[in-house]
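One structure below.
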Amino acid sequence: MLWNKLMNRHKPTLHSPMEGDVIPLEQVADPVFSEKMMGDGIAITPTDGAVVSPADGEIVQIAPTKHAIGIRTEDGAEILIHVGLDTVELEGRPFDLRVDVGDHVKTGQLLLTADLAQIHQAGKDTVTPMVVTNGGTLAHHYAFTFTKEAVPGKTVVARVEA
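Position 17 of the sequence shown, counted from 1, bears residue number 17 in the UniProt record's numbering, the numbering being contiguous throughout.
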């Protein structure tokens, strides 16, 4: 009952975590993401290395190599932002964290910066998946949308389906 009242008042949304083109996960050149083994979501072909929070929430995980961040949103969604493909092999060098586990963040708040040129020079793809890892256990379902030239923290890439 409370959930329905909350949903009617404010439908949760997820925003783009980076500047660039939003593409379907199926186009990501890594089967872990393209086959949605981690969950459903979107990917960004980034044009800038700033990574922002897609929603209000709490930082619940940061990979030791700084290439991936987990956020639990206020509606319970667990979001994974994975900057680049196979970037774990770069041992954190192209990444500069701006948050810590336990931090509460707002939509559009800077989480980390990635040196996209350094990632490319290392022969890695900068495409950045963002997935809802617990979508199957949520009381609601996100519908994802794709767009050109997403603005980080502003462009809506997912809305709760009615």
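From the three backbone atoms N, C-alpha and C, an ideal C-beta is built for every residue, glycine too.
Boundaries of the beta strand (DSSP E) harbouring residue 82: 78–82, taken from the DSSP string.
Counting along the chain, residue 116 sits inside the alpha helix (DSSP H) bounded by residues 116–121.
A direct Cα-Cα distance of roughly 9 Å separates residue 57 from residue 78. For residue 32, the uninterrupted alpha helix (DSSP H) segment begins and ends at 31–34. In the DSSP assignment, residue 108 is bridged to no other residue. If you ignore the 5 residues before and after residue 126, its C-beta comes within less than 6 Å of the C-beta of 46, 84, 116, 119, all in its own chain and listed in chain order. The beta carbon of residue 76 lies closer than 7 Å to those of 138 in the same chain, with the five residues before and after it left out.
Cβ contact annotation for residue 34 (same chain, cutoff 8 Å, sequence separation greater than five): 25, 26, 27, 28, in chain order. When beta bridges are read from the DSSP output, residue 58 appears opposite 72, 104. Between the region 61–71 and the region 85–95, the count of Cβ pairs shorter than 8 Å is three or higher; the stretches touch.
Under the DSSP definition of a beta bridge, residue 24 partners with 42.
Cα atoms of residue 104 and residue 130: separation of roughly 19 Å, rounded to the nearest angstrom. Apart from sequence neighbours up to five positions away, the residues of its chain that approach residue 124 with a beta-carbon distance below 8 Å are 84, 85, 86, 87, 89, 90, ordered along the chain.
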